[in-house]
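A.B. asks:
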Amino acid sequence: MLGTIISLLSGAVGGNVIGKVLGGLNQGTLINSICGIVGGGLGGQLIGMLTGIDAGPSGSMDIGSLVGSVASGGVGGGV
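Residue numbering for the sequence shown follows our numbering, beginning at 7 and increasing consecutively.
1. Return the first residue and the last residue of the alpha helix (DSSP H) that M55 is part of.
2. Please look up how many angstroms separate the CB atoms of S71 and S13, rounded, as I've assumed it's under 8 Å.
3. Please state if the CB of G17 and the CB of G82 are separated by a distance shorter than 7 Å.
4. Under a three-way DSSP split, which group does L8 fall into?
5. Relative to the C-alpha of S39, which candidate in G9, G20 and T10 has its C-alpha closest?
Written as structure tokens, this is what we have:
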């Protein structure tokens with residue numbers, strides 16, 4: 007659950023960063039955030055399934071899972 011929330015938040019950041027970097031694709035902060043959240047959620051889930059990075063049964067996360075969630079969410083949000 008925590009990994010999903012981190013992926014969504016980093017997806018929103020990734021969507022806004024890409025929107026600012028690629029000015030022609032910038033749709034404003036709200037739309038960039040919404041698209042980033044969707045992309046971060048999907049990207050985080052997909053990369054989590056492919057790599058096996060997960061929060062574990064107790065919901066606790068180690069540093070590798072945290073970095074994986076941030077990276078996958080940010081990349082998914084940017085895409």
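Think of the CB as a built atom: it goes at the ideal place given N, C-alpha and C, for glycine as much as any other residue.
C.D. replies: According to the structure data:
1. T35 to T57
2. Rounded, the Cβ-Cβ distance is 11 Å, inconsistent with contact.
3. yes
4. Per DSSP, reduced to three states, the secondary structure at L8 is helical.
5. Ranked by Cα distance from S39, the options G9, G20 and T10 are led by G20.
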